[in-house]
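Residue numbers (UniProt numbering): 1 to 543.
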């Protein structure tokens with residue numbers, strides 16, 4: 001067959017295949033969204049075949065016991081969300097009338113719920129913490145008063161989670177806002193449910209960090225792990241060491257001032273979200289050396305002369321540890337949480353190997369060529385300097401190489417066989433956080449949220465009873481080598497929602513049901529200003 005004829009035949013065959021595949025695709029949405037199903041899935045939910053209406057003009061949030069600024073600001077937020085949902089319902093009502101359809105309202109004789117009573121049993125805690133009580137009970141409506149829903153919780157943090165669930169049960173329809181009769185008792189499976197953002201590879205504006213916190217609250221995530229600096233830039237502006245940001249930031253405008261950081265931490269507090277900063281070392285510190293080169297190791301060429309480059313922190317000198325201790329303790333004025341991430345991953349050895357002073361130091365200590373021992377020395381020095389002021393979190397390499405860590409050190413697992421690693425960490429008696437299977441920066445065509453959803457941090461064999469209690473939770477990680485403010489939200493959501501449900505929900509939903517609920521939830525987030533990407537293929541969202 002002539003070459004041109006063969007090409008034509010191949011093209012024709014390909015078109016037939018594509019046509020056949022297209023003909024097999026479902027017309028309309030690939031996944032039909034649910035209506036009024038909360039995300040993450042509650043622990044216990046009893047639903048009944050009776051609907052009620054809600055109208056924002058006649059609906060009230062009533063505090064019946066303990067009150068504080070956290071609760072009052074949450075109520076203002078959910079009033080706005082309720083009004084926005086009603087605006088969407090009005091669009092649907094208008095569309096129904098414009099089509100000159102039957103204008104009868106199927107729900108016109110259905111009773112209204114006119115208030116939710118919020119009963120917090122204990123005085124408000126002012127700062128979220130690892131042991132905060134997020135349990136709540138939601139009764140819609142009250143058995144004795146069908147005009148009232150009831151939210152009962154022991155802490156203000158449970159009130160925040162319960163209000164979020166209540167807001168998700170309300171459905172905008174062409175007949176108004178509808179909510180189904182139900183009873184919910186809910187609490188999280190794991191206490192540490194985090195999201196890491198990286199502002200060292202790309203600067204993420206403050207408003208986008210605040211929007212990220214909003215998204216976290218809609219998914220009941222409660223820890224923002226802020227990887228604030230890295231090799232590429234040092235945007236953290238410290239008043240005592242302004243040169244770090246002056247020389248280390250991408251641009252003088254691209255820094256986080258103390259005012260910015262206080263705003264972020266306060267915004268997070270009101271949402272029941274902890275903010276844990278990370279200052280990685282001994283690697284990932286090149287931006288530090290732009291202003292304070294003496295903190296880092298000097299690299300040498302083959303002739304034994306300095307080559308003008310800097311490597312990781314030099315553990316043979318004390319200057320870094322005095323400096324870092326002062327810097328970290330100053331940051332605690334802004335970052336209130338007891339936990340503090342000190343990094344420890346991906347330490348390159350080449351510069352250490354080239355440095356004659358370091359090799360001489362190692363020879364004297366009888367550790368020649370054992371650079372993991374140099375890493376161990378760094379972490380011991382840093383932890384000893386900080387041990388009375390923080391509870392350290394480290395990346396897993398620190399555990400792998402140091403083995404005996406400062407008591408209560410938390411190990412964050414991110415690479416390799418995570419089941420084997422988390423079993424080893426907890427078997428050694430250390431708390432663990434899982435991130436290995438929650439890397440949001442790894443993207444794939446299609447609904448790749450499923451791989452996150454199916455990864456359970458408790459899915460590993462125990463060596464002793466209670467070992468799994470050392471698993472604090474997990475963190476979705478948004479590393480930003482190829483992410484900035486233009487794509488961070490759509491790449492993050494609703495994929496991080498899958499992680500959120502896995503960390504919150506005691507029960508597993510099947511993938512088909514979860515897909516329908518996530519379809520609704522992604523639309524819900526878009527209605528609230530979070531540009532979440534489509535999770536499941538062709539579909540729609542009225543905003």
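Ideal placement from N, C-alpha and C gives every residue a C-beta, glycine not left out.
Give the straight-line distance between the Cα atoms of residue i and residue j, rounded to the nearest whole angstrom.
i	j	result
residue 535	residue 442	15 Å
residue 164	residue 76	13 Å
residue 439	residue 476	6 Å
residue 347	residue 492	27 Å
residue 300	residue 312	13 Å
residue 524	residue 322	48 Å
residue 84	residue 55	11 Å
residue 50	residue 43	21 Å
residue 118	residue 505	23 Å
residue 20	residue 28	Per-residue confidence for residue 20 stands at a pLDDT of 39, beneath the threshold of 50, marking its modelled position as unreliable; no derived number is given.
residue 112	residue 147	6 Å
residue 384	residue 122	37 Å
residue 488	residue 340	24 Å
residue 78	residue 48	24 Å
residue 515	residue 33	8 Å
residue 329	residue 352	28 Å
residue 62	residue 150	10 Å
residue 157	residue 355	52 Å
residue 271	residue 188	16 Å
residue 551	residue 398	This structure does not reach residue 551, given that the chain is present from 1 up to 543, and the question cannot be answered.
residue 471	residue 263	31 Å
residue 445	residue 45	34 Å
residue 251	residue 126	35 Å
residue 310	residue 455	39 Å
residue 116	residue 159	12 Å
residue 171	residue 519	14 Å
residue 246	residue 186	47 Å
residue 453	residue 459	13 Å
residue 429	residue 538	47 Å
residue 461	residue 233	41 Å
residue 304	residue 466	54 Å
residue 449	residue 81	26 Å
Does the Cβ of residue i have 16 or more other Cβ atoms within 10 Å, making it buried, or fewer, making it exposed?
i	result
residue 482	exposed
residue 220	buried
residue 421	buried
residue 381	buried
residue 114	buried
residue 507	exposed
residue 22	Its pLDDT being 37, under 50, residue 22 is placed unreliably in this model, and the value from its coordinates should be taken loosely. Exposed is the call here.
residue 212	buried
residue 333	exposed
residue 268	buried
residue 319	exposed
residue 239	exposed
residue 87	exposed
residue 176	buried
residue 266	exposed
residue 230	buried
residue 526	buried
Which of the three DSSP states is assigned to residue i in this structure?
i	result
residue 227	strand
residue 333	coil
residue 307	strand
residue 400	helix
residue 521	helix
residue 293	helix
residue 119	strand
residue 182	strand
residue 56	helix
residue 62	strand
residue 444	coil
residue 406	coil
residue 373	helix
residue 278	strand
residue 99	coil
residue 393	strand
Measuring only from the beta carbon, is residue i closer than 7 Å to any heavy atom that is part of the ligand MN?
i	result
residue 322	Because no ligand of any kind appears in the structure shown, any question about the ligand MN cannot be addressed here.
Inter-stretch contact (C-beta, 8 Å, three-pair minimum) for the stretch 269-288 and the stretch 220-228: Yes, they touch.
Entirely enclosed alpha helix (DSSP H) segments - the stretch 187-275, minimum 4 residues: Correct list: 206-218, 243-248, 258-270.
Unbroken stretches of the beta strand (DSSP E), 3 residues or longer, contained in the stretch 319-364: With a minimum length of 3 residues, the continuous beta strand (DSSP E) runs that stay inside the stretch 319-364 are 339-341.
Contact between the stretch 485-504 and the stretch 187-196 (3+ Cβ pairs under 8 Å): Flag = yes, the stretch 485-504 and the stretch 187-196 touch.
Any 3 or more C-beta pairs closer than 8 Å across the stretch 173-188 and the stretch 128-141: The stretch 173-188 and the stretch 128-141 touch, with no fewer than 3 CB-CB distances between them shorter than 8 Å.
Ranges of the beta strand (DSSP E) found wholly within the stretch 415-440, counting only runs of at least 3: Counting only unbroken stretches of 3 or more residues, the beta strand (DSSP E) elements lying wholly within the stretch 415-440 are 432-434, in sequence order.
At least 3 beta-carbon pairs within less than 8 Å: the stretch 67-74 vs the stretch 202-214: The stretch 67-74, when compared against the stretch 202-214, does not touch it at the 8 Å Cβ threshold.
Segments assigned beta strand (DSSP E), at least 3 residues, entirely inside the stretch 453-489: Taking only runs of at least 3 residues, the beta strand (DSSP E) segments lying wholly in the stretch 453-489 are 471-478.
Inter-stretch contact (C-beta, 8 Å, three-pair minimum) for the stretch 331-338 and the stretch 386-393: They touch, by the three-pair rule.
Length at least 4, wholly inside the stretch 124-181: the alpha helix (DSSP H) runs in chain order: 156-169, all fully within the stretch 124-181.
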